[in-house]
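Heads up: the sequence shown at position 147 corresponds to 147 in UniProt numbering, and the numbers run straight through without jumps. C-beta atoms are modelled at their ideal positions from N, C-alpha and C, and glycine is treated no differently. Inspection log for the structure reproduced underneath, given as structure tokens.
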Amino acid sequence: MLVNVNSFPRHDIYAAPSINKRQKLSFTIKTRTTPSYNAEQFMHDHIVLSLRHKTLISHVIKDMGSDGILETKAYDPSLYSYETAMEALSSLITRKKRGEPSTIVEKYGKLDRMQMYVEILGIKEEHMAELKIIHVAGTKGKGSTCVFSESILRECGFRTGLFISPHLIDVRERFRIDGLEISEDKFLNYFWECWHRLKENLLKDLPMPPLFQFLTVLALKIFICEKVDVAIIEVGLGGKDDSTNVIKKPVVCGISSLGMDHMEILGNTLEEIASHKAGIFKPLIPAFTVYQPSEAINVLKKRAFELTVPLDVVSPLDPKELKGVELGLAGDHQFINAALAIALCKCWLQETGNMKDYFQNKNSRSNLPEPFSRGLSTAHLSGRAQIVYDASVKSCKLLDEQENSSGDLIFYLDGAHSPESMEACARWFSKAVKESESSRFEIIGESVENSGRSLERENLHSRKTSKQFLLFNCMEVRNPHVLLPQIVNNCASSGVHFSKAIFAPTMSKYNKVTSAASHVSSDTATENLSWQFSLQKLWEKLTLGKDAAINLESNKTTTFSPDVDASQKLISLNNHSGSTAVFPSLPSTIKWLRDTVRRDPSLRLQVLVTGSLHLVGDVLKLLKR
Numbered sequence: 001m002l003v004n005v006n007s008f009p010r011h012d013i014y015a016a017p018s019i020n021k022r023q024k025l026s027f028t029i030k031t032r033t034t035p036s037y038n039a040e041q042f043m044h045d046h047i048v049l050s051l052r053h054k055t056l057i058s059h060v061i062k063d064m065g066s067d068g069i070l071e072t073k074a075y076d077p078s079l080y081s082y083e084t085a086m087e088a089l090s091s092l093i094t095r096k097k098r099g100e101p102s103t104i105v106e107k108y109g110k111l112d113r114m115q116m117y118v119e120i121l122g123i124k125e126e127h128m129a130e131l132k133i134i135h136v137a138g139t140k141g142k143g144s145t146c147v148f149s150e151s152i153l154r155e156c157g158f159r160t161g162l163f164i165s166p167h168l169i170d171v172r173e174r175f176r177i178d179g180l181e182i183s184e185d186k187f188l189n190y191f192w193e194c195w196h197r198l199k200e201n202l203l204k205d206l207p208m209p210p211l212f213q214f215l216t217v218l219a220l221k222i223f224i225c226e227k228v229d230v231a232i233i234e235v236g237l238g239g240k241d242d243s244t245n246v247i248k249k250p251v252v253c254g255i256s257s258l259g260m261d262h263m264e265i266l267g268n269t270l271e272e273i274a275s276h277k278a279g280i281f282k283p284l285i286p287a288f289t290v291y292q293p294s295e296a297i298n299v300l301k302k303r304a305f306e307l308t309v310p311l312d313v314v315s316p317l318d319p320k321e322l323k324g325v326e327l328g329l330a331g332d333h334q335f336i337n338a339a340l341a342i343a344l345c346k347c348w349l350q351e352t353g354n355m356k357d358y359f360q361n362k363n364s365r366s367n368l369p370e371p372f373s374r375g376l377s378t379a380h381l382s383g384r385a386q387i388v389y390d391a392s393v394k395s396c397k398l399l400d401e402q403e404n405s406s407g408d409l410i411f412y413l414d415g416a417h418s419p420e421s422m423e424a425c426a427r428w429f430s431k432a433v434k435e436s437e438s439s440r441f442e443i444i445g446e447s448v449e450n451s452g453r454s455l456e457r458e459n460l461h462s463r464k465t466s467k468q469f470l471l472f473n474c475m476e477v478r479n480p481h482v483l484l485p486q487i488v489n490n491c492a493s494s495g496v497h498f499s500k501a502i503f504a505p506t507m508s509k510y511n512k513v514t515s516a517a518s519h520v521s522s523d524t525a526t527e528n529l530s531w532q533f534s535l536q537k538l539w540e541k542l543t544l545g546k547d548a549a550i551n552l553e554s555n556k557t558t559t560f561s562p563d564v565d566a567s568q569k570l571i572s573l574n575n576h577s578g579s580t581a582v583f584p585s586l587p588s589t590i591k592w593l594r595d596t597v598r599r600d601p602s603l604r605l606q607v608l609v610t611g612s613l614h615l616v617g618d619v620l621k622l623l624k625r
């Protein structure tokens, strides 16, 4: 059901030029410009930039072939390797903390600079328009909404580009072409082309773009050269002043659920935050959102009215509408994101002249077309409600090697880091734990008549003791006094209680971009664990009461050495029946968890990893996922 909150007329859907679906999706080895690029005109565009930015020194492409193919230079691998590219990206990370005012007087505003950057790369408004962009902002669920949208339109036969953030392990995760992250070779070709062209056009008032600004223009360049039919772009932070708001004419905009996050930048009220999100609205461009708190929806409606934006509020998807199909992303909150994605994709089909191929009634969500159902069920997004069985654990001695599912150590990973997303994470984890227990006993019951060997195996499973552990860390700008109670209270209300809470620092460094192949350091000599001890102390207060929160200061110098049996050190560190622990590193944490289940085959550990996407990404890297 769509609730229309504005009554502005939409464009006639059949008046829009139809996009031809690509029935055969393939990659090309060479990097081509879009069909609208003319080689001679393209070179001219680089010589003469807009009058607004006429002070810029333009750059002429000298390797443009007569057929319009960008003939990439043969780079010396030792000079232009992937790791070298990561070092170059790391140099773009700003050193100031979020929310700190800049000490540099800048001649141009952020979006003015973004416009200059895209022009230097030869990207014109008509090229951006050819991307047929879906632009999505929000506090929580915007990434999931983008992933659902991409998956749906790809299943409809369109060539898709997806730009999301942040990445968990490798920066290439941010750029997907037809559902797959961009290859290393292609990434390097596009990266160095953009890097060198921007470097050659530096001015006193136009430095190299900071990291996210660079990645944004890189994404636009990639999608244009890859000739995608649709680009789904996730806002990085906020909306109005976000780098992605260089997009002037998207096909449709979406705003997912709003809440309190990034207050140091967006403001301390929902009204202020909603105002930033509504900044992606464009005149006459249709927009969709989900049910919001009254103070937020009022701001969205007001801005929509000012810009003559047709704004629709989308109700959550009813599971019955999926007719037995499960969403590819777990969690009840994903029915909200899936509904928004359906609305965005329907509108996109409508605006591009493809609606009649899938829907007879544009206002009906019943009888979802098969490509929509497939897209919703096959969508995937690492680190959000993700379950990973640790394959390195081989503790079940009664099973053949090929029969061992390594189910003794199970990680439940979710990068929740706001109060609302933490609540959703806790509910998802509690439900997953309950369902795993239920399915385990169902299997046992069905196996009574099996062979003696199978019965022996099922009896072993029935004897397993399930315990829930928490592995938590959050950035210091977050408020753990708000985040941790969401975990404790929501899990407890579902009957799920943590046997142990573990706190460890992340491996990721906020001043360095690393790749999946980057070395994992086990050096913990310089690690400051004061933040982890403060988290431990807060957890003790929440779960054991104020009187139980004894002085932990004496423990601050007691940590686990990576080369010492951590389980022995754990006993001395924990003061309350081993209910909490601080580890000096994630590698030592994972090692201790694995050693624990190997020593006790009857133990089944379910570990919730949450509080930070950096934490989740680091754990996935250690698990080789």
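Using the C-alpha atoms, what's the distance from residue j back to residue i?
i, j, result
"residue 420", "residue 611", "12 Å"
"residue 414", "residue 147", "16 Å"
"residue 544", "residue 603", "24 Å"
"residue 255", "residue 494", "30 Å"
"residue 351", "residue 132", "9 Å"
"residue 172", "residue 181", "6 Å"
"residue 490", "residue 423", "7 Å"
"residue 213", "residue 598", "46 Å"
"residue 622", "residue 587", "7 Å"
"residue 121", "residue 215", "13 Å"
"residue 139", "residue 177", "25 Å"
"residue 579", "residue 541", "12 Å"
"residue 323", "residue 338", "14 Å"
"residue 570", "residue 474", "Below a pLDDT of 50, predicted positions are generally treated as unreliable, and residue 570, at 46, falls in that range; the measurement from the model is reported next regardless. One C-alpha to the other measures close to 22 Å."
"residue 165", "residue 348", "22 Å"
"residue 380", "residue 426", "20 Å"
"residue 293", "residue 128", "33 Å"
"residue 353", "residue 343", "15 Å"
"residue 356", "residue 151", "20 Å"
"residue 28", "residue 375", "Low local confidence applies: a pLDDT of 36 at residue 28 is under 50, so the model's placement there is unreliable, and no value is given."
Take residue i as the anchor and find which of the options has the nearest alpha-carbon.
i, options, result
"residue 90", "163, 255 and 195", "195"
"residue 303", "316, 328 and 273", "273"
"residue 130", "342, 582 and 227", "227"
"residue 644", "480, 159 and 179", "No answer is possible for residue 644: the residues shown for the chain start at 1 and end at 625."
"residue 434", "475, 496 and 279", "496"
"residue 417", "261, 134 and 151", "261"
"residue 527", "582, 236, 478 and 252", "582"
"residue 170", "600, 613, 513 and 538", "513"
"residue 88", "301, 135, 193 and 477", "193"
"residue 389", "263, 608, 488 and 279", "608"
"residue 82", "614, 516, 600 and 617", "516"
"residue 320", "313, 335, 286 and 615", "335"
State the DSSP-derived secondary structure class of residue i, mapped to helix, strand or coil.
i, result
"residue 417", "coil"
"residue 159", "coil"
"residue 172", "helix"
"residue 292", "coil"
"residue 270", "helix"
"residue 499", "strand"
"residue 582", "strand"
"residue 619", "helix"
"residue 388", "strand"
"residue 82", "helix"
"residue 631", "The chain is shown only over 1 to 625; residue 631 falls outside these bounds and no answer can be derived."
"residue 317", "coil"
"residue 245", "helix"
"residue 281", "coil"
"residue 151", "helix"
"residue 475", "coil"
"residue 530", "helix"
"residue 432", "helix"
Look up residue i in the DSSP assignment and give the residues it is bridged to.
i, result
"residue 253", "135 and 287"
"residue 423", "For residue 423, which the question treats as bridged, DSSP gives no partner whatsoever."
"residue 233", "135 and 163"
"residue 465", "603"
"residue 624", "Paired residue(s): none; residue 624 is not in a bridge."
"residue 470", "501 and 608"
"residue 140", "257"
"residue 311", "287"
Mind listing, in chain order, the continuous alpha helix (DSSP H) runs of no fewer than 4 residues lying wholly within the region 336–381? 370–378
Kindly provide the ranges of any beta strand (DSSP E) runs that are 3 or more residues long and lie completely inside the region 171–228, ordered along the chain. 175–177
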